[in-house]
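Only one structure is covered here, and it is reproduced in the block below.
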Amino acid sequence: MLNPDDLVAIDIHTHAEEPCGTHPDDGYDDFQAQMAEYFKSPHKHPPTVPETAAYYRAKKIAAVIFPVDAERETGFRRYNNDEMIEITRQNSDVLIPFASIDPHKGKLGVREAKRLIADYGIKGFKFHPTMQGFYPNDRLAYPLYEAIQEGGAIALFHTGQTGVGSGMPGGMGMRLKYSNPMYMDDVAVDFPDMKIILAHPSFPWQEEALSVATHKPNVYIDLSGWSPKYFPPILVRYINGLLQDKMLFGSDWPVITPDRWLADFAKLEIRDEVRPKVLKQNARKLLGI
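Structural data, given as structure tokens:
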């Protein structure tokens, strides 16, 4: 069982991937190889969920972990939520599962979300507008948000540019426009009781993300996907100031490891009283643990 008092940090953003070779003939393994190259990841193949748990256990870090349901847009079969969750339950001392449902699944997706919340007590859901091909404020997603809000769960959204498809012909069909964080302002207005996390420094829309998180009390920012040495000065300023209680440590494992992220974060000029908030305290409050 998870004991937050014993943790060094809580990583709010890690990925669960099925082992390579489980998606025959659909390009999944090639896609993962390209991602590893883009991020200069130390992992030739994505680690399994048990391997991820072992890594985090050794580091005394808890990890929020999730799949990404983007099979409609990418053609890659999704990692089944139930299967992933069952594995995390065997590693509940370090792993906190979020689920992922493509909003295009409509009523079917809503029923799945309600079931996952009821059966597993799922604390959150991951959305990737670019990979799932939708604007976050598109009304097609609102029934799913309603289920998440009613269930008291968190909605975590990829924002900004993505490494997915980078350098591939046509960017593998990935459209960056969907992940402008300003679209999240509508969602925050229409679902004021749903906690929202804007994932990643939102290049090239960093100031839009800071604006939404500053203005809307239910919006937070995770700092995953970038080494902190590349954080723009305005982001560092808001971490130290206005948004110090809403900034969350995230790595984007496995493409960026906590070791790399934490080492670079230690070199940033972050105030002593703010650092523990980012690394654990803010996430603990948000997750209710």
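For the sequence shown, this note's numbering begins at 47 and goes up steadily by one. Here a beta-carbon is modelled for each residue, glycine too, at the ideal position from N, C-alpha and C. If you're wondering where the values come from, they're calculated on a predicted model, not measured in any experiment.
query: Please tell me whether residue 206 and residue 149 are closer than 9 Å, where the distance is taken between their beta carbons.; result: no
query: For residue 130, write down the residues that DSSP places opposite it in a beta bridge.; result: Residue 130 is not bridged to any residue.
query: Should residue 203 and residue 243 be called a contact, given that it needs their Cβ atoms to be closer than 9 Å?; result: yes
query: Measuring alpha carbon to alpha carbon, tell me which of 328, 120, 172 and 265 ends up nearest residue 216.; result: 120
query: On the criterion of 16 or more Cβ atoms from any shown chain inside 10 Å, does residue 261 qualify as buried, or is it exposed?; result: exposed
query: Comparing alpha-carbon positions, which option in 234, 235 and 248 lies nearest residue 224?; result: 248
query: Specify, as a first and last residue, the run of the alpha helix (DSSP H) that residue 302 falls within.; result: Premise fails: residue 302 is in no alpha helix (DSSP H) and is neither H nor E.
query: Pairing CB atoms from the stretch 111-131 with CB atoms from the stretch 306-323, are three or more of them under 8 Å?; result: no
query: With distances taken between CB atoms, is the gap from residue 230 to residue 183 smaller than 9 Å?; result: yes
query: Identify whether residue 190 lies in helix, strand or coil by the three-state DSSP scheme.; result: helix
query: Please check the pair residue 273 and residue 307, which I expect to be a contact at CB under 8 Å, by giving their CB distance rounded to whole angstroms.; result: 7 Å
query: Does the Cβ of residue 154 have 16 or more other Cβ atoms within 10 Å, making it buried, or fewer, making it exposed?; result: exposed
query: So the candidates are 291, 152, 104 and 177; which of them puts its Cα closest to the Cα of residue 141?; result: 104
query: What is the DSSP secondary structure of residue 285, reduced to helix, strand or coil?; result: helix
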